[in-house]
Amino acid sequence: MSKVIISVKDLFKKYGQFEAVKGISFEVIEGEIFGLLGPNGAGKSTTLEIIETLREKTSGEVWVNGFNLDKDPNSIKQVIGVQLQTSGFYPGLNLVELIDLFAGLYNRKIVARDLLKMVNLEDKAKSKFKDLSGGQKQRFSIATTLINDPKIIFLDEPTTGLDPQARRNLWDLIKTIRAKGTTVIITTHYMDEAEVLCDRIAIIDSGNIIALATPDKLIDDLVATGFERPKEVKKANLEDVFIHLTGHNLREE
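Position one of the sequence shown corresponds to residue 1 (the UniProt record's numbering), numbered consecutively onward.
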């Protein structure tokens with residue numbers, strides 16, 4: 001039987017008279033890649049920040065790995081990893097120093113080079129964060145979510161601004177992390193990315209969840225309404241052509 005690792009029930013978040021989150025409920029199953037999608041201002045970031053213990057809710061219940069947000073937020077912090085924005089790192093420290101710094105905050109001993117190897121950055125161990133390319137910075141930021149060996153990681157638009165090779169390399173990394181048993185919560189504005197990566201997707205708009213299903217089910221439901229693309233869907237897209245012609249290897253700046 002599938003284990004529910006995150007449970008959100010009747011979650012509200014108000015700022016004065018404005019309701020940013022309007023009584024939403026959903027569950028995340030252990031080991032899945034779960035996408036929370038929505039336009040800017042829809043409430044997805046607020047929802048995730050509440051689950052991550054970074055923002056107070058107005059009402060509702062949140063459970064993470066069996067811990068209640070109201071009663072045991074510190075235990076929740078011990079089982080999650082949250083991706084920092086790349087501006088959140090000390091630019092003058094090298095990657096080993098940064099990992100050691102974060103490991104110290106968790107009171108954990110970790111072999112920094114093993115973690116860097118996992119994200120294909122072992123050769124950059126002594127490089128300063130500020131000298132990394134965009135793709136390298138994103139891979140490193142994902143690596144830092146794994147320092148405390150979390151059961152769940154939260155990735156906020158991890159491939160924004162990356163070239164096609166770096167983007168697909170990050171997709172492979174996310175799949176590898178999930179294959180090791182970690183639950184992944186991801187936000188993205190790239191619908192093709194969500195379709196490729198996510199086991200299930202919740203679409204949120206104006207503070208309400210308006211759809212929740214697998215990508216295939218959401219697409220099938222739309223087609224069943226009579227929706228049809230104006231031209232034939234091809235077996236490959238332009239990004240596939242680009243990758244085929246230029247190769248899968250990362251091109252670091």
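Glycine included, C-beta positions come from ideal geometry on N, C-alpha and C.
Asked	Found
I'd like to know whether the C-beta atoms of isoleucine 51 and valine 28 end up nearer to each other than 7 Å.	no
Quick one: what does DSSP say valine 119 is sitting in, helix, strand or coil?	coil
Applying the criterion that 16 or more other CB atoms from any shown protein chain within 10 Å of the CB defines a buried residue, is alanine 179 buried or exposed?	exposed
To the nearest angstrom, report how far apart serine 141 and isoleucine 99 are at their CA atoms.	10 Å
Residues in the same chain with beta-carbon distance under 6 Å from aspartate 216, minus the five sequence neighbours each way, listed in chain order, please.	none
Per DSSP, which residues does lysine 14 bridge with? Please list them.	Glu19
Which class does glutamate 49 belong to by DSSP, given the choice of helix, strand or coil?	helix
Nearest-angstrom Cα distance between valine 82 and phenylalanine 154?	5 Å
Alpha carbon to alpha carbon, how far is lysine 3 from residue 303? Give it in angstroms, no decimals.	It is not possible to answer for residue 303, since the shown part of the chain is limited to 1 through 253.
Relative to the C-alpha of residue 254, which residue among Thr58, Ala166 and Leu84 is closest?	What the structure shows of the chain is the stretch from 1 to 253, and residue 254 is not part of that stretch, so it cannot be assessed.
Please name the residue, chosen from Ala143, Lys57, Leu101 and Pro91, that lies closest to isoleucine 24 on a Cα-to-Cα basis.	Lys57
Would you give the residue range spanned by the beta strand (DSSP E) that residue 254 belongs to?	Summary: the structure shown does not reach residue 254, with the chain confined to residues 1 through 253, and so no result is reported for it.
Measure the alpha-carbon distance for glutamate 32 versus glycine 181 and round it to whole angstroms.	9 Å
Can you tell me where the beta strand (DSSP E) holding valine 82 begins and where it ends?	80-82
Any idea what DSSP makes of valine 196, helix, strand or coil?	helix
Could you tell me the boundaries of the alpha helix (DSSP H) in which phenylalanine 140 lies?	134-145
Would you mind sorting valine 62 into buried or exposed? The rule is 16 or more other CB atoms within 10 Å of its CB.	buried
For leucine 84, which residues in the same chain have their Cβ closer than 6 Å to its Cβ, ignoring the five residues on either side in sequence?	Ser141
Taking only three categories from DSSP, how would you classify aspartate 205?	strand
In three-state terms, what does DSSP make of aspartate 70?	coil
For leucine 116 and threonine 225, what's the separation of their Cα atoms in angstroms?	47 Å
Keeping to the same chain, check which residues put their C-beta closer than 6 Å to that of isoleucine 186; ignore five residues upstream and five downstream.	Gly35 and Leu155
Use the C-beta contact count for glutamate 228: other C-beta atoms within 10 angstroms, 16 or more gives buried, fewer gives exposed.	exposed
Output needed for leucine 101: all residues of its chain with C-beta closer than 6 Å, excluding positions within five of it in sequence on either side, in chain order.	none
To which residues of the same chain is threonine 46 closer than 8 Å at the C-beta, ignoring the five residues directly before and after it?	Lys13, Ala20, Val21 and Arg55
DSSP beta-bridge partners for serine 25?	DSSP, once it has assigned bridges, lists no residue as partnering serine 25.
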